[in-house]
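Numbering of the sequence shown is given in numbering that gives the first Met the number 0, commencing with residue 0 and proceeding in unit increments.
Even for Gly, the Cβ is constructed at its ideal location relative to N, Cα and C.
All values reported here derive from a predicted model rather than from experimental measurement.
Below you'll find the structure, written out as structure tokens, and then a few comments.
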Amino acid sequence: MKQRLALLEETLHREVPLTRTMGVRVEEHDGRELLFLADFEPNINIHGTAFGGSLYSICAVVCWGMLHLKYEDEGLQAHSVLGDANISYRLPVRGEIKARCRLPEDGSYDAFIENLRAGKRSRIELTAEILTERGVAVRFIGSYSATTCT
0 MKQRLALLEE TLHREVPLTR TMGVRVEEHD GRELLFLADF EPNINIHGTA
50 FGGSLYSICA VVCWGMLHLK YEDEGLQAHS VLGDANISYR LPVRGEIKAR
100 CRLPEDGSYD AFIENLRAGK RSRIELTAEI LTERGVAVRF IGSYSATTCT
């Protein structure tokens, strides 16, 4: 599993160079949840807290990373893009950035994969959270569209 996560991190740093600058690291994956960490120092704003744009970016890529790993699990060659997103900033982040994406438990993931297997464009909403000692600091909901590669 560590090698697989290292490959995902290499892919992110190559395909989305901003992730390298942000210090994004792929930390854990259990099949249903993916955890990324990012360095605090390159993501600080003028108030000494994590910059909102950095938090948005890490949320967007942790969800993309989840889909990337799930396509591998499912034996699918697919591409996904973020089409729309909503984010709410609840608490300041003052330290290492910890982002988590969990697969939805409402059956939408299975329908998403079935559509892809059928060769149809598919869409799924994924939620990412930035976690701190005080709780969930940021909640991001992104709508990802995907198609299989032909």
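Exercise. With DSSP collapsed to three states, give me the class of G30.
Key: On the sequence shown, position 31 is the one that residue 30 refers to. Of the three classes helix, strand and coil, the one that applies to G30 here is coil, per DSSP.
Exercise. Quick one: residues in its chain with C-beta nearer than 6 Å to the C-beta of T126, no 5 flanking neighbours on either side, listed in chain order?
Key: As a position in the sequence shown, residue 126 is number 127, starting the count at 1. For T126, same chain residues with a beta-carbon under 6 Å away, outside a window of 5 residues either side, are I140 in chain order.
Practice problem: Would you decide whether C100 is buried or exposed? Buried here means 16 or more other CB atoms lie within 10 Å of its CB. | Solution: In the sequence shown, counting from the first residue as 1, residue 100 sits at position 101. Counting Cβ neighbours within 10 Å, C100 comes out buried, since at least 16 surround it.
Practice problem: Go through its chain and collect everything with a Cβ distance to L36's Cβ below 7 Å, but skip five positions before and after it. | Solution: Within the sequence shown, the letter at position 37 stands for residue 36. Sequence-distant Cβ neighbours of L36 in its own chain, meaning closer than 7 Å and more than five residues away, are R24, E26, E95, I96 and K97.
Self-check item: Opening and closing residue of the beta strand (DSSP E) in which H78 lies
Solution: Residue mapping note: residue 78 aligns to position 79 of the sequence shown, counting from 1. Element bounds for H78: A77 to Y88.
Quiz item: Any idea which residues DSSP pairs A98 with across the strands?
Solution: Translated into the one-based positions of the sequence shown, residue 98 becomes position 99. Partner(s): F35 and I129.
Practice problem: Give the secondary structure of E113 by DSSP, where H, G and I count as helix, E and B as strand, and everything else as coil. | Solution: In the sequence shown, the residue the question calls residue 113 occupies position 114. Helix, per DSSP.
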